[in-house]
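Peer 1: Protein chains in written order, with the UniProt record's numbering: chain S, 1 to 223; chain F, 1 to 223.
Number of protein chains: 2
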Amino acid sequence: MQSKWVEEDLLSIRERAYRYLKDMILNGEYKAGDRLVERELADKLHISRTPIREALFRLESQGFVKTVPRKGVVVERISEDEVVEVFTILSSLEVLAAKLAAQKMDDKTQLEFDQVIVKLQNLDGLTEAEVSKLHLDTNQILHKAAKSPKLYELLTGLTDYIRIFSNTSYETPGRKEESMKEHLEIMKAVRNKDVEMGEYLTKIHIENSKRAYINYVKQNKKG
Amino acid sequence: MQSKWVEEDLLSIRERAYRYLKDMILNGEYKAGDRLVERELADKLHISRTPIREALFRLESQGFVKTVPRKGVVVERISEDEVVEVFTILSSLEVLAAKLAAQKMDDKTQLEFDQVIVKLQNLDGLTEAEVSKLHLDTNQILHKAAKSPKLYELLTGLTDYIRIFSNTSYETPGRKEESMKEHLEIMKAVRNKDVEMGEYLTKIHIENSKRAYINYVKQNKKG
DNA sequence: AAGATATAATTGGTATACAATTTTTTAGAC
DNA sequence: GTCTAAAAAATTGTATACCAATTATATCTT
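1) Since I believe V95(F) is in contact with E15(F) (beta carbons under 8 angstroms), could you give me their beta-carbon distance rounded to a whole number of angstroms?
2) Residues in the same chain with beta-carbon distance under 8 angstroms from L56(S), minus the five sequence neighbours each way, listed in chain order, please.
3) From L59(F), M24(F), P51(F), pick the residue whose C-alpha is nearest to that of I164(F); which is it?
4) How is V37(S) classed by DSSP in three states: helix, strand or coil?
5) Quick check on H46(S): buried or exposed, where buried means 16 or more other Cβ atoms within 10 Å of its Cβ?
6) What in chain F is Cβ-close to V86(S), meaning under 8 angstroms?
7) Could you tell me the distance, in whole angstroms, from the CA atom of R58(F) to the CA atom of I186(F)?
8) Could you pull out every residue in the same chain whose Cβ sits closer than 6 angstroms to the Cβ of L90(F), ignoring the five residues on either side in sequence?
9) Cβ of F64(F) less than 7 angstroms from any chain S Cβ?
10) Name the chain F residues whose beta carbon is nearer than 8 angstroms to that of L93(S)?
11) Going by beta-carbon coordinates alone, are A101(S) and V190(S) separated by less than 7 angstroms?
12) Is it true that the CB of L134(S) sits closer than 7 angstroms to the CB of K119(S)?
13) Out of G33(F), D106(F), E80(F), R53(F), point me to the one whose CA is closest to L41(F)'s CA.
14) Are the C-beta atoms of F165(F) and some chain S residue less than 7 angstroms apart?
15) If you scan the segment 58–117 of chain S from start to end, which runs of the beta strand (DSSP E) of 3 or more residues do you find wholly inside it?
16) In angstroms with no decimal places, state the Cα-to-Cα distance between V84(F) and Q103(S).
17) Can you tell me whether S148(F) is buried or exposed? The criterion is at least 16 other CB atoms within 10 Å of its CB, across all chains shown.
18) What's the C-alpha gap between E29(S) and S48(F)?
19) Terminal residues of the continuous alpha helix (DSSP H) containing S48(S)?
20) Taking buried to mean at least 16 other C-beta atoms within 10 Å of its own C-beta, is P173(F) buried or exposed?
21) From which residue to which residue does the alpha helix (DSSP H) around Y200(F) run?
22) Which residues in the same chain as Y213(F) place their Cβ atom closer than 8 angstroms to its Cβ, once the five residues preceding and following it in sequence are excluded?
23) By the criterion of Cβ-Cβ separation under 8 angstroms, what are the contact partners of F57(S) in chain F?
24) Buried or exposed for T127(F), please, with buried defined as at least 16 other CB atoms from any protein chain shown within 10 angstroms of its CB.
25) Check each candidate in T50(S), P51(S), R70(S), V75(S) and name the one with the smallest Cα separation from E60(S).
26) Indicate the three-state DSSP secondary structure (helix, strand or coil) for Y20(S) in the structure shown.
27) Which residue's Cα is closest to the Cα of D114(F): L155(F), H183(F), R19(F), P51(F)?
28) Counting C-beta neighbours from all protein chains within 10 Å, is the total for K176(F) 16 or more, i.e. buried, or is it exposed?
29) Could you tell me the distance, in whole angstroms, from the CA atom of L11(F) to the CA atom of R70(S)?
30) Do you know offhand how far K44(F)'s Cα is from A17(F)'s?
31) When you compare each of K221(S), Q62(S), E178(S), L201(S) to Q121(S) by their alpha carbons, which one comes out closest?
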């Protein structure tokens with residue numbers, strides 16, 4: 001799935017370059033250790049070095065790439081410890097988001113939730129990609145429902161950061177189905193303004209995801 | 001207190017520009033609404049537009065300034081709601097940090113804590129600036145003790161973001177003294193690996209800070 | 001094959017130019 | 001004097017060219 005460069009003419013060139021590069025990294029097309037050469041990218045995208053540099057700076061400030069002075073820009077290798085760290089942080093922030101979302105639940109948001117809940121109850125026949133997208137969408141709606149832009153921003157950054165790895169944890173047989181089921185229960189609790197249940201289920205959900213990731217890594221290290 | 005531009009020749013020009021501008025904003029010398037003109041800054045610091053732009057982008061991604069295309073870069077006005085939001089998020093993350101710090105406490109870190117604890121027990125004769133610095137240092141040591149670089153990064157970003165405002169909440173009579181005392185108790189609990197006490201005291205501390213801020217704002221709106 | 005040396009490549013920064021747009025100034029009308 | 005409209009200036013976004021410092025790579029020597 002090659003990310004598309006063109007389209008969206010309204011955006012600035014640097015914004016398009018940023019999104020393109022971030023997509024490529026998040027989708028694993030640029031892998032850890034890959035070098036990103038300004039000149040090459042500029043030629044490839046038919047733009048000058050300037051917006052490329054600006055996009056790279058932004059990616060660097062978000063931890064996706066690292067610039068080694070006068071050597072090159074390389075895609076960062078995210079360590080297992082770091083992923084576990086992020087899961088730990090997410091545990092706190094997602095619980096907070098669930099709490100806020102349940103507290104601030106209103107009619108309009110309930111309608112949004114209901115739509116997602118229906119989808120989560122009928123996963124049969126969905127492709128892997130569709131399930132993945134539904135997972136991301138569910139998260140997004142949940143995070144937005146907390147009605148705290150700052151929190152949303154943090155959650156987006158953190159989930160993006162470990163996106164590739166949280167996908168790998170789905171390799172554990174049955175984990176993906178379990179995860180979607182947990183998501184469904186969380187959505188129902190939050191939708192019904194059950195603050196404590198929402199917090200509790202979210203905590204369990206992230207802990208399970210974290211454990212699945214750790215087990216997956218352990219498994220694939222030995223054999 | 002005009003931030004110094006020169007010195008630290010080892011750092012890249014863009015890094016120095018970034019720190020200079022961030023200092024100026026955090027110390028309130030550039031206020032909300034002020035325009036930051038690339039050309040002016042470049043002339044003032046005797047560098048070209050390039051590193052200035054790079055510094056501005058970084059500040060923008062952290063929410064300190066906002067670029068309006070072909071219009072200018074202005075220092076962002078941080079709303080009261082946003083400050084409250086950040087306090088809420090900090091409550092979760094600081095509690096997590098206290099927990100991790102208590103769990104991972106080791107001999108070396110205990111020595112660092114002991115030094116700070118001694119200072120916190122003898123505030124007499126310290127100037128306002130010295131007390132402020134001690135407050136920041138205490139936070140930093142606490143955050144570092146969680147031994148989670150990602151968490152440290154998030155906490156630094158958030159506390160920086162509301163730095164000016166958390167200072168204003170100290171205007172409430174007695175709040176600063178109370179805050180320092182709370183800090184002292186947190187440090188003692190965490191130092192002694194008392195996880196639950198550390199979490200509890202931290203929660204109370206942030207809640208108090210948040211309440212002090214809200215009250216201060218309310219007070220100064222009416223009168 | 002190994003090591004030394006020369007050459008390429010790459011980023012960091014400067015400088016200049018120009019288009020698109022916004023802000024400010026100016027000129028004019030009344 | 002004040003309002004309006006046109007002109008001028010200012011500002012960012014992008015491109016291009018250039019060079020220094022450093023690193024990667026290729027070449028040569030032994």
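Where a beta carbon is used, it is the ideal one built from N, C-alpha and C, also for glycine.
Only a predicted model underlies this, so the values are computations on that prediction, with no experimental measurement involved.
Peer 2: To lay it out plainly:
1) Not really, about 33 angstroms apart at Cβ, beyond 8 angstroms.
2) L21, L36, E38, V65, T67, V73
3) M24(F)
4) coil
5) In this structure H46(S) is exposed. Its beta-carbon is surrounded by fewer than 16 other beta-carbon atoms within 10 angstroms.
6) K150
7) The alpha-carbon separation between R58(F) and I186(F) amounts to approximately 33 angstroms.
8) Cβ contact annotation for L90(F) (same chain, cutoff 6 angstroms, sequence separation greater than five): L158, I206, in chain order.
9) no
10) I89, S92, L93
11) yes
12) Cβ distance < 7 angstroms, so K119(S) and L134(S) count as in contact.
13) R53(F)
14) no
15) 65–68, 72–75
16) 16 angstroms
17) Around the beta carbon of S148(F), 16 or more other beta carbons lie within 10 angstroms, which makes this residue buried.
18) Distance from the CA atom of E29(S) to the CA atom of S48(F), rounded to whole angstroms, is 35 angstroms.
19) Looking at the DSSP string, S48(S) is not in any alpha helix (DSSP H), and its letter there is neither H nor E.
20) exposed
21) 195–222
22) V83, V84, F87, F165, S166, T168, S169
23) E54, F57, R58, listed in chain order.
24) exposed
25) V75(S)
26) helix
27) Distance check between D114(F) and each of L155(F), H183(F), R19(F), P51(F) places H183(F) closest, using alpha-carbon atoms only.
28) buried
29) 14 angstroms
30) 11 angstroms
31) E178(S)
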